[in-house]
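Residue numbers (the numbering used here), protein chains in the order written: chain X, 52 to 393; chain F, 844 to 1014; chain G, 6 to 127. No residue lacks a Cβ here, since even glycine has one placed at the ideal position from N, Cα and C. Source: prediction; values computed, not measured.
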């Protein structure tokens, strides 16, 4: 393909994925509120449109028309840069997550991933490690005690769980023999899903993903009773919306990563035995990816409204004393498995 | 112009500008932010040189891990006291100027006067595919096992060192 | 080779543009009527007390230190993990042992930190 064609296809893919992501984020918030209401025997938002279906749009317009208040003690520049970093990280990590096999249209073979690069899955890791800055800067620049404490707690939490996340990915790479997400998905053909082959790694990755996205039971940074709003106490209007958006976008990315790394990605076991036409097969597999993604997202919501929050010392203990050794053991376990069966 | 050339001008430009901003900003947290951008554009330059794994490791380790530590230290100590530190000790400034001048001369010499050795040119032709993670893994665990194990001991020493320094504070 | 990375650069550019647009859109659409009550620091309706720039616990520095060290360990594991199957086929168990020694050496540091209370939070 020429450079122009690459650019054109990339732009098309980005536009489709970005608009789908924005749509999913807004309805994820709506569903979270409805599901939580259902779990707690309440009604939840049901006034805007049929069953409150237009609620996300009302929320966006409300936030858009609010005044953007910057506290006088804040460092103005950093206060604005922090939400930009958060959004930047959340809306660029999708680039390496494959959502389907190769699509064949006319004479083009289009891989259904925005960027199929050699460093693949490390791209996600690099960007999430930059995501820490959004929270640290937000906490520090606001000039408020609650923000600073929330920010510093949150960044310590994120860097602690990044280690066990990194180790868990190592176990996946042992099987895939490549960093390319497509190769990782293809290494889990049939029922050889990593969630089944290396359950310890799956659990450590899942827990780390919850901690990295600041979801309950790890949402210490915004523990309302003690820290008011955590690192975004002093944020309002669209800057607040940016953090909110980034949090839910990160959830989608995390779910996409879990599906790609551990649940066989887009693959449906033994679908090639059915002898379907290739286009139908491709579409079915994209559907399978979306289905798995939604299932994992529902799991995220379900956990949030079922478990209580950890204390901060418990959280750090789980990260360093439980998840760290477990994820390391997982690597050795997978290496031994490979040595036995090869 | 080739794509590589355009990109190296872009990344090199960002690199130079952010490096200047790092040393001219008064607020150390802003400096740290520009240093992160600087590391990221350096990773871009590595990428153009085909060192893909080094590029991403640069971001994960330098921009991601080491700068977080720097930021913790900068943000949570009082930056005001550092200002006093520099204004009261003029000999530190002289010392800094001398060091920087030596490094500057060295860089100028390396770029404009030194000739790369024949062997280096021969080796660099071979290194076109050396930057992928597969090649690095292969080299590291066949030809360079000993340096790799030595790195392990270095990290062990760093762990113990960090604890010993901090121990006085929390005991 | 660099062509492979064009999509990555495009994605990063678009993400920066999108993020900037979202954050600055409130300047365009929202009202701007700041007053001293609004812009004072949040303190649950009280007058703000104390300063922000207080020193925090040494534990946080320690966590950041350990993060650097173990992040490096993770970076060393990736090239090994990717090449492990192929290298095991050629060189046998020595590839596993060399990584095992590396991990044991580093975990000595981990155990030392554990014993000395480096991961204690109370």
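Checklist entry - Is the shortest distance between the beta-carbon of residue 189 of chain X and the beta-carbons of chain F less than 8 Å? => result no
Checklist entry - For residue 254 of chain X, which residues from the same chain have a beta carbon less than 8 Å from its beta carbon, with the 5 sequence-adjacent residues on both sides left out? => result 377
Checklist entry - Over what stretch of residues does the beta strand (DSSP E) that includes residue 154 of chain X continue unbroken? => result 154 to 156
Next on the checklist: 8 Å is my cut-off, CB to CB: does residue 139 of chain X come that close to chain G?
Outcome noted: yes
Next on the checklist: My output table needs one value for residue 170 of chain X: the three-state DSSP class, helix, strand or coil.
Outcome noted: coil
Checklist entry - Going along the chain, which residues of its own chain have a beta-carbon closer than 6 Å to the beta-carbon of residue 862 of chain F, five neighbours each way excluded? => result 881
Next on the checklist: Can you find the residues in the same chain that come closer than 6 Å, C-beta to C-beta, to residue 352 of chain X, ignoring five residues on each side of it along the sequence?
Outcome noted: 83 and 86
Checklist entry - Applying a beta-carbon distance threshold of less than 7 Å, which residues of chain F neighbour residue 74 of chain G? => result 998, 1001 and 1002
Item to check | chain X contact residues for residue 907 of chain F, given Cβ-Cβ distances below 7 Å | outcome: 177, 180 and 181
Checklist entry - Just checking my contact of residue 915 of chain F with residue 975 of chain F at CB under 8 Å: how many whole Å lie between their CB atoms? => result Actually they are not in contact, since the Cβ atoms of residue 915 of chain F and residue 975 of chain F sit about 34 Å apart, beyond 8 Å.
Next on the checklist: On the CB-based measure, 16 or more other CB atoms within 10 Å of its CB, does residue 32 of chain G come out buried or exposed?
Outcome noted: exposed
Checklist entry - By Cβ distance, which residues of its chain are closer than 6 Å to residue 85 of chain G, with the 5 residues on each side in sequence left out? => result 104
Checklist entry - From which residue to which residue does the beta strand (DSSP E) around residue 32 of chain G run? => result No beta strand (DSSP E) holds residue 32 of chain G; the alpha helix (DSSP H) holding it covers 11 to 34.
Checklist entry - Within 10 angstroms of its Cβ, does residue 1002 of chain F collect 16 or more other Cβ (buried), or is it exposed? => result buried
Item to check | Bridge-paired residues (DSSP) for residue 159 of chain X | outcome: X:156
Checklist entry - What in chain X is Cβ-close to residue 896 of chain F, meaning under 9 Å? => result 169, 170, 173 and 230
Item to check | Residue-chain proximity (residue 891 of chain F, chain C), Cβ-Cβ < 8 Å | outcome: Among the chains of the structure shown, chain C does not appear; the protein chains present are X, F and G.
Item to check | Interface residues of chain F facing residue 128 of chain X [CB-CB closer than 8 Å] | outcome: 873
Item to check | Sub-8 Å separation of residue 60 of chain X and residue 148 of chain X beta-carbons | outcome: no
Next on the checklist: Just checking residue 853 of chain F against the ligand SAM - is the residue's beta carbon closer than 7 Å to any of the ligand's heavy atoms?
Outcome noted: Judged by which ligands are present, the structure shown has none, so any question about the ligand SAM falls away.
Item to check | Complete alpha helix (DSSP H) runs within the stretch 319 to 378 of chain X (minimum length 4 residues, chain order) | outcome: 329 to 355 and 363 to 368
Item to check | Listed by chain order, chain F residues near residue 184 of chain X by CB distance under 7 Å | outcome: 879
Next on the checklist: I want to see whether chain G comes within less than 8 Å of residue 855 of chain F, judged by CB atoms only; does it?
Outcome noted: no
Next on the checklist: Assess contact between the stretch 101 to 112 of chain X and the stretch 66 to 85 of chain X, defined as three or more Cβ pairs (one per stretch) separated by less than 8 Å. Is contact present?
Outcome noted: yes
Checklist entry - Quick one: what does DSSP say residue 270 of chain X is sitting in, helix, strand or coil? => result coil
Checklist entry - Do the CB positions of residue 864 of chain F and residue 877 of chain F come within less than 8 Å of each other? => result yes
Item to check | Neighbour flag for residue 65 of chain X against chain G, beta carbons, 8 Å | outcome: yes
Next on the checklist: I'd like to know whether the C-beta of residue 886 of chain F is nearer than 8 Å to at least one C-beta of chain G.
Outcome noted: no
Checklist entry - Comparing the C-beta of residue 31 of chain G with each C-beta of chain X, is any distance below 8 Å? => result yes
Item to check | CA-to-CA distance, residue 77 of chain G to residue 854 of chain F, given in whole angstroms | outcome: 25 Å
Checklist entry - By the criterion of Cβ-Cβ separation under 9 Å, what are the contact partners of residue 920 of chain F in chain X? => result Under the 9 Å cutoff, chain X gives no residues; its nearest Cβ is about 12 Å from residue 920 of chain F.
Checklist entry - For residue 92 of chain X, does the count of other Cβ atoms within 10 angstroms reach 16, so buried, or fall short, so exposed? => result exposed
Checklist entry - Comparing alpha-carbon positions, which option in F:954, F:973, F:907 and F:920 lies nearest residue 169 of chain X? => result F:973
Next on the checklist: Could you tell me which whole alpha helix (DSSP H) segments of length 4 or greater appear in the stretch 33 to 109 of chain G?
Outcome noted: 41 to 44 and 63 to 96
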